[in-house]
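My numbering numbers the first residue of the sequence shown as 95 and each following residue consecutively. Here a beta-carbon is modelled for each residue, glycine too, at the ideal position from N, C-alpha and C. Computed from a prediction, not measured in an experiment: that's the story for all the values here.
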Amino acid sequence: MPPTTSQGQRYAPVSGSVPEEDKPYDSADEGTLSGLSDIDDPNEVKLRRVDRSSRGSRNASAAYAPASSRRKSGDVEAYLDSITDAEQELLSASRQYDLVDDELASDDEELKRGRRERHRRRSLIQAQSGGWRAVRHARYWWRTLVAVIVGLALLVWAFLSFASRRDRITPVGMPPSDSWFPSPRGGTLDAWADDYRKAQEMVQRMSLVEKINITTGIGWSMGMCVGNTGTADSVGFPSLCLQDGPLGIRFTDRITPFPAGITTGATWNRDLMRARGAAMGAEARIKGINVLLGPSMGPLGMMPAGGRNWESFGSDPVLSGVAAAETIRGIQSNGVMATAKHFVMNEQEHFRRPYEWGISHAVSSNIGERALREVFVWPFAESVRADVASVMCAYQQVNNSHSCENSKLLNGILKDELGFQGFVQSDWGAQRSGVNSALGGLDMSMPGDGLRWADGKPLWGPELTRAALNTSVPMERINDMVTRIVAAWYHLKQDEWEPGQGPNFSSWTNDAEGFIHHGSPAPPETKETGVVNFYFEARGEGEFAHAATARRVAAEGIVLVKNVDQTLPLARGPPTPEAGLRVGVYGDDSGPGMGPNGCPDRGCNQGTLGMGWGSGTVDYPYLVSPLEALGEAWAPGVEMTAYTRNMVMPQDATDKNLCLVFVSADSGEGYISAHGIHGDRNHLFLQKGGDTLIKTVAENCGEGAGRTVVVVHSVGPVVVEPWIDLPGVHAVLFAHLPGQESGTALMDVLFGDVDASGRLPYTVGKSLEDYGPGAQVLYEPNAPVPQVDFDQGLYIDHRYFDQYNVTPRYEFGYGLSYTSFSLADLKITPLRSRSALPPARVADPRAAPEYERQPPLGEGVLYPEGFSPVPKYIYSYLTSLEGTSPAPYQHYPKNYTVVPPRRSSPSGGGLGGNPSLYDLMATVEVQVSNTGARTGQTVVQAYVSFPAGVTEEVWMETEEGSGEQSLVTLPVDFPVRVLRNFSKVEVAPGAQQTVSMTLTRKDLSYWSKAQQNWVMPTGTFEIQVGQSSRDLPLSGTL
95 MPPTTSQGQR YAPVSGSVPE EDKPYDSADE GTLSGLSDID DPNEVKLRRV DRSSRGSRNA
155 SAAYAPASSR RKSGDVEAYL DSITDAEQEL LSASRQYDLV DDELASDDEE LKRGRRERHR
215 RRSLIQAQSG GWRAVRHARY WWRTLVAVIV GLALLVWAFL SFASRRDRIT PVGMPPSDSW
275 FPSPRGGTLD AWADDYRKAQ EMVQRMSLVE KINITTGIGW SMGMCVGNTG TADSVGFPSL
335 CLQDGPLGIR FTDRITPFPA GITTGATWNR DLMRARGAAM GAEARIKGIN VLLGPSMGPL
395 GMMPAGGRNW ESFGSDPVLS GVAAAETIRG IQSNGVMATA KHFVMNEQEH FRRPYEWGIS
455 HAVSSNIGER ALREVFVWPF AESVRADVAS VMCAYQQVNN SHSCENSKLL NGILKDELGF
515 QGFVQSDWGA QRSGVNSALG GLDMSMPGDG LRWADGKPLW GPELTRAALN TSVPMERIND
575 MVTRIVAAWY HLKQDEWEPG QGPNFSSWTN DAEGFIHHGS PAPPETKETG VVNFYFEARG
635 EGEFAHAATA RRVAAEGIVL VKNVDQTLPL ARGPPTPEAG LRVGVYGDDS GPGMGPNGCP
695 DRGCNQGTLG MGWGSGTVDY PYLVSPLEAL GEAWAPGVEM TAYTRNMVMP QDATDKNLCL
755 VFVSADSGEG YISAHGIHGD RNHLFLQKGG DTLIKTVAEN CGEGAGRTVV VVHSVGPVVV
815 EPWIDLPGVH AVLFAHLPGQ ESGTALMDVL FGDVDASGRL PYTVGKSLED YGPGAQVLYE
875 PNAPVPQVDF DQGLYIDHRY FDQYNVTPRY EFGYGLSYTS FSLADLKITP LRSRSALPPA
935 RVADPRAAPE YERQPPLGEG VLYPEGFSPV PKYIYSYLTS LEGTSPAPYQ HYPKNYTVVP
995 PRRSSPSGGG LGGNPSLYDL MATVEVQVSN TGARTGQTVV QAYVSFPAGV TEEVWMETEE
1055 GSGEQSLVTL PVDFPVRVLR NFSKVEVAPG AQQTVSMTLT RKDLSYWSKA QQNWVMPTGT
1115 FEIQVGQSSR DLPLSGTL
């Protein structure tokens, strides 16, 4: 997703490399940008400005721009410049920076300082000697020669290793750069038929330039939103506003920062998922946004240290699919287009984009067909089934083809197999070609700029106009691109919006008046200005206030994982007036820090952690910290002392009865680097000395007799082994990323106003290695095009733990309640007879819109006479007709054809796939009893184990390279169990409730590469029901 201002932008702390646990809170010490080490004092986060024209010289007099300067009135342009410069310095520095564990950042700093001082003195002496100058000259040339030889050797090694790696990748399942042409046209399904009819009528009346306008963004910061399309004025089609993001509306005012996706997933509450989406959609509608850039279901969380996992809903395809679908239904209930992103395999931040990490190629995520369908595409299929209007393709490559031109993914899987009727937009700068991306299935280029960030040199725009005229891109493809966008506009009834109801805010300034085209390099005095911010209130009022929804999601997303002797819920006062209650609150994460918006895009971990960092964040109107909420929660007679730092002394806890420790782990998008973390986490331990803080407090609270409660705000799983079994640790809450209502929601659970009902949306392992070798982030490039093989395949998160019998600390789906539940009377009822394959795909019920297939003659494609273009604004006009004559194109992608070379997928035919895949095959019923003393909620979870001994016949080469094949019978492997359904219920004490869940054909099928279809195996399925992936007391067969 779009960075704040520039490709590869990062925020890097200026500090020495003292380990977090040993670093004092002293803002006086400042190091250099190249240190890139963790810091505890957030005031030390700064950006170095570097003159691009002399970047190599590293101007020593460069100024610093405080991180808090983003979007200050009257200084936005200077701020944007500083980010661009900081990015360039960091791209150079990153080539020399080694990612290391925070704990090992600097062993024996005094020795290093001594060595540096001796080297400095020796250099001063040598500099005075002519002989030494001659020696240095000779040494320079020797070093240069050695460097050249070593460099050539490395190039040869890299080439050979890459070649061998490619050979090893091929058998994974999907051949590298497998192709699927031509791109399927939309409008073939009944649900969208009327919208396509209207769209066809409108598109037929557009000029070629207007058609291209709709497919191409006008450039970064050239409109009010982070993404803006051109217009088709002659037919009344407006510029579309596309705006982040997955937890609220970025870069505007009077909105709600909702809990993050990972928190929402932890609720396991379908109603809340939809309510949160509806509130976000309502706010987007009030702000005049056409396309909201969320929700996120990629990354799915294969790599637990992945930087953007927190934007998504958890590390299971079924849970993520349900949460994504409910969010989409909520958003689009308000007439705003939702965006399912990032399609697909965007599982790590390292090397996701060319040049962002100092290398020229994006990483390739290599995955087989079965794991792709059953794990990573599954949530997107649910999103398409929920009628999502837009899908965003990802930055990285998949099987060595860029996601936004990967015809197998976009044409074959998304548009044909899943029946997607909306439009595909690129992530911001993810488009890497012009013709190939159009043919590969991309429909909209965002933000419109080309291969470099905000360069104003589009790959489409005028280039796509030229490609249409010279027939290198068929008009049939261009018309389908435009029609898909217009049909989605009609589908959400945005044609019924009042004229002028576009964006009423500016992403680039908080002032009421500002530039209309902020990013234009034109002299300020010549730039058009006007009212850009209208400050519309979007947060709802009274009982409809969105803060209430945010608070409930945040509360239900808190997972209680440890509760010794019913330490929680807490009493608000002392047990007796005479006894008193002395409470200690510890940790930087408890307090306000330097303010919730202290760092651009939340790019630093300071104060209480409410969201990760990156383009998926929003500006807080307020953030209720735990410390603030605690101050209002206690009854008289409670003495509370706060230590809002992560370094405390033992005596700070010895006189306390109750100790509340707040710790965190942060991460985010790769264009930001903070506290030594470059997007992806370096490990799964707590950050900023959190482990040591807990140990110190727990071992000394009340001189060992006090109770310590730990609250973890984290982007995902954390390793708790250093302290979880300490006798002083009585209770632990995983509060995730709660958004603006952090403190109030925590008080609801801490004091028992609501039940602790969250459940883990991932597994908490005892080490990072517990998740398997395929779950590790690639931190260093392993080839000229970095390669990540997802050969762990189906075994993501809890599936890996089960398959390899790894004992987790806390399993997937786990969570404690303030009451207790029992499950009984499992009843499994088959609903229809079984067959191996679903019924054959039926013919499309509707014909796709037809247009004139010949390109226009070129009229109206040149800039109108007297037209004055805005500098850097992306227009689709041409300056001349050069290159527009029809001619054979020589650079089509491999296997490209305009004639369908293969039949449509048998697994397609409807939204989300063949409608028969969603036929109900069985119901699962269970009785839930509340055996405790208070009302509470539990999550009933249904898992399926596939039959044993399943085999499949496949054609295989008899000898490698022979070309001869024979039919071989191979076993089909399955995970031990897979989540297939769940239901969250509230039950009063002593009461019972019947929970009923369904299983579909797809739930009982696996993807067969040989059949190119979902296959339901013969044999006996085991259905297990319980309250977590390893607490499954009920079992039956089907």
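Practice problem: Under 7 Å Cβ to Cβ from residue 632, same chain only, skipping five residues before and after it: list those, please. | Solution: On the sequence shown, position 538 is the one that residue 632 refers to. So the list reads 348, 349, 377, 380, 381, once near-sequence residues are dropped.
Exercise. Determine, using beta-carbon pairs with one atom in the stretch 719–732 and one in the stretch 652–661, whether at least three such pairs fall under 8 Å.
Key: Flag = no, the stretch 719–732 and the stretch 652–661 do not touch.
Self-check item: Segment contact, 8 Å Cβ cut-off, at least three pairs: the stretch 931–943 with the stretch 1002–1015
Solution: Result yes; three or more Cβ-Cβ pairs closer than 8 Å.
Practice problem: Quick one: give me the first and last residue of the beta strand (DSSP E) that residue 623 is part of. | Solution: Residue numbering aside, residue 623 sits at position 529 when the sequence shown is read from its first letter. Start and end: 623–625.
Quiz item: DSSP on residue 1121, reduced to helix/strand/coil?
Solution: In the sequence shown, residue 1121 corresponds to position 1027, counting from 1. In the three-state scheme derived from DSSP, where H, G and I count as helix and E and B as strand, residue 1121 is classed as coil.
Quiz item: Should residue 824 be labelled buried (16 or more other beta-carbon atoms within 10 Å of its own) or exposed?
Solution: Taking the first residue of the sequence shown as position 1, residue 824 is located at position 730. Its Cβ being crowded by 16 or more others within 10 Å, residue 824 is buried.
Practice problem: Look at residue 857 and residue 905 and say whether their C-beta atoms are less than 8 Å apart. | Solution: Here residue 857 is taken as the residue at index 763 of the sequence shown, counted from 1. Here residue 905 is taken as the residue at index 811 of the sequence shown, counted from 1. In this structure, residue 905 lies closer than 8 Å to residue 857 by Cβ.
Quiz item: So does the stretch 480–489 actually touch the stretch 510–522, counting three or more Cβ pairs closer than 8 Å?
Solution: With contact defined as three or more Cβ pairs closer than 8 Å, the stretch 480–489 and the stretch 510–522 are in contact.
Quiz prompt | Residue environment, residue 314, which counts as buried when at least 16 other CB atoms sit within 10 Å | solution = Along the sequence shown, one-based indexing puts residue 314 at 220. Result: buried.
Practice problem: In angstroms with no decimal places, state the Cα-to-Cα distance between residue 978 and residue 939. | Solution: Here residue 978 is taken as the residue at index 884 of the sequence shown, counted from 1. Here residue 939 is taken as the residue at index 845 of the sequence shown, counted from 1. Spanning the two alpha carbons is a distance of roughly 37 Å.
Exercise. Specify the secondary structure class of residue 1016 as computed by DSSP and reduced to three states.
Key: The residue given as residue 1016 occupies position 922 in the sequence shown. When DSSP states are grouped into helix, strand and coil, residue 1016 belongs to the strand group.
Exercise. Give every residue of the same chain whose Cβ lies closer than 6 Å to the Cβ of residue 575, excluding the five residues on either side of it in the sequence, and list them in chain order.
Key: Mapped onto the sequence shown, residue 575 falls at position 481. Correct list, in chain order: 309, 537.
Self-check item: Counted within 10 angstroms of its Cβ, other Cβ atoms place residue 959 as buried (16 or more) or exposed
Solution: Translated into positions along the sequence shown, residue 959 becomes position 865. So residue 959 ends up on the exposed side.
Exercise. Determine the contact status of residue 525 and residue 483, defining contact as a CB-CB distance below 8 Å.
Key: Here residue 525 refers to the residue found at position 431 of the sequence shown. Here residue 483 refers to the residue found at position 389 of the sequence shown. Cβ atoms of residue 525 and residue 483: not closer than 8 Å.
Quiz prompt | CA-to-CA distance, residue 506 to residue 274, given in whole angstroms | solution = Translated into positions along the sequence shown, residue 274 becomes position 180. Translated into positions along the sequence shown, residue 506 becomes position 412. Distance between the alpha carbons of residue 274 and residue 506: 5 Å.
Quiz item: How do the stretch 437–455 and the stretch 875–888 stand: do at least 3 beta-carbon pairs fall below 8 Å, yes or no?
Solution: Flag = yes, the stretch 437–455 and the stretch 875–888 touch.
Quiz item: Residues in its own chain within less than 8 Å of residue 1128 by CB, not counting five upstream and five downstream?
Solution: For this step, residue 1128 is matched to residue 1034 along the sequence shown. The residues are 917, 918, 920, 1020, 1118, 1119, 1120.
Exercise. Could you tell me the distance, in whole angstroms, from the CA atom of residue 1025 to the CA atom of residue 293?
Key: Working through the sequence shown from its first residue, we reach residue 1025 at position 931. Working through the sequence shown from its first residue, we reach residue 293 at position 199. Looking at the two C-alpha atoms, the distance is approximately 58 Å.
Exercise. May I ask you to report which of helix, strand or coil DSSP gives residue 857?
Key: Position 763 of the sequence shown holds residue 857. Of the three classes helix, strand and coil, the one that applies to residue 857 here is coil, per DSSP.
Self-check item: Residues that DSSP places opposite residue 753 in a beta bridge
Solution: For the purposes of this step, residue 753 is taken as residue 659 along the sequence shown, with counting starting at 1. According to the DSSP secondary-structure assignment, residue 753 is paired through a beta bridge with 678, 802.
Exercise. Please name the residue, chosen from 964, 424, 764, that lies closest to residue 364 on a Cα-to-Cα basis.
Key: Here residue 364 corresponds to residue number 270 of the sequence shown, with the count starting at 1. Among 964, 424, 764, the Cα nearest to that of residue 364 is on 424.
Self-check item: residue 1061, enclosing beta strand (DSSP E) - first and last residue
Solution: Within the sequence shown, residue 1061 is the residue found at index 967, counting from 1. Note, residue 1061: beta strand (DSSP E), 1059–1065.
Quiz item: Tell me which same chain residues have a C-beta within less than 7 Å of the C-beta of residue 44, skipping the five on either side of it?
Solution: The structure shown does not extend to residue 44, since the chain is modelled only from 95 through 1132, so no value can be given for it.
Practice problem: Keeping to the same chain, check which residues put their C-beta closer than 6 Å to that of residue 411; ignore five residues upstream and five downstream. | Solution: Along the sequence shown, read from residue 1 onward, the residue named residue 411 stands at position 317. If we look at residue 411 and ignore the five residues flanking it on each side, its Cβ neighbours are 469, 472, 473.
Exercise. Determine the direct distance from the alpha carbon of residue 774 to that of residue 211, and round the result to whole angstroms.
Key: On the sequence shown, residue 211 is found 117 positions in, with the first residue counted as 1. On the sequence shown, residue 774 is found 680 positions in, with the first residue counted as 1. Reliability fails at residue 211, whose pLDDT of 45 lies under 50, so the model's placement of it is uncertain and the value that follows must be treated cautiously. Distance between the alpha carbons of residue 211 and residue 774: 35 Å.
Exercise. Just the C-alpha distance for residue 1116 and residue 645, rounded to the nearest angstrom, thanks.
Key: Taking the sequence shown and counting its residues from 1, one reaches residue 1116 at position 1022. Taking the sequence shown and counting its residues from 1, one reaches residue 645 at position 551. One C-alpha to the other measures close to 38 Å.
Self-check item: 6 Å CB neighbourhood of residue 998 in its chain, flanking five on each side removed
Solution: Translated into positions along the sequence shown, residue 998 becomes position 904. Result list for residue 998: 510, in chain order.
Quiz prompt | Cutoff 7 Å; reference residue 649; Cβ partners in own chain excluding five residues on either side | solution = Start at 1 with the first residue of the sequence shown, and residue 649 comes out as number 555. Hits under 7 Å: 839, 842, 843, 848.
Quiz item: Quick one: what's got a C-beta closer than 6 Å to residue 1124's C-beta in the same chain, skipping five residues either side?
Solution: Along the sequence shown, one-based indexing puts residue 1124 at 1030. These residues qualify, in order along the chain: 905.
Quiz item: Distance, Cα to Cα, residue 1027 vs residue 910?
Solution: Numbered from 1 along the sequence shown, position 933 holds the residue referred to as residue 1027. Numbered from 1 along the sequence shown, position 816 holds the residue referred to as residue 910. For residue 1027 and residue 910, the distance between alpha carbons rounds to 15 Å.
Quiz item: Looking only at C-alpha atoms, which of 338, 912, 296, 317 sits nearest to residue 656?
Solution: Here the question's residue 656 lines up with position 562 in the sequence shown. Out of 338, 912, 296, 317, 912 has the C-alpha closest to the C-alpha of residue 656.
Quiz prompt | For residue 700 and residue 135, the rounded distance between their alpha carbons | solution = Taking the sequence shown and counting its residues from 1, the one referred to as residue 135 is at position 41. Taking the sequence shown and counting its residues from 1, the one referred to as residue 700 is at position 606. Confidence at residue 135 is low in this model, with a pLDDT of 35, below 50, so the placement of that residue is unreliable and no value is reported for it.
Quiz item: From this set, 941, 922, 371, 893, which residue's C-alpha is nearest residue 1069's C-alpha?
Solution: One-based indexing of the sequence shown puts residue 1069 at position 975. Taking residue 1069 as reference, the option from 941, 922, 371, 893 with the minimal CA-CA separation is 893.
Quiz item: Got a sec, what are the start and stop residues for the alpha helix (DSSP H) residue 725 sits in?
Solution: Here residue 725 refers to the residue found at position 631 when the sequence shown is read from its first residue. Where residue 725 is concerned, the enclosing alpha helix (DSSP H) stretches over 720–727.
Quiz item: Distance, Cα to Cα, residue 707 vs residue 834?
Solution: The residue you call residue 707 lines up with position 613 of the sequence shown. The residue you call residue 834 lines up with position 740 of the sequence shown. It is roughly 15 Å from the alpha-carbon of residue 707 to the alpha-carbon of residue 834.
Quiz prompt | Identified DSSP bridge partners for residue 554 | solution = Here residue 554 refers to the residue found at position 460 when the sequence shown is read from its first residue. Its beta-bridge partners do not exist; DSSP assigns none.
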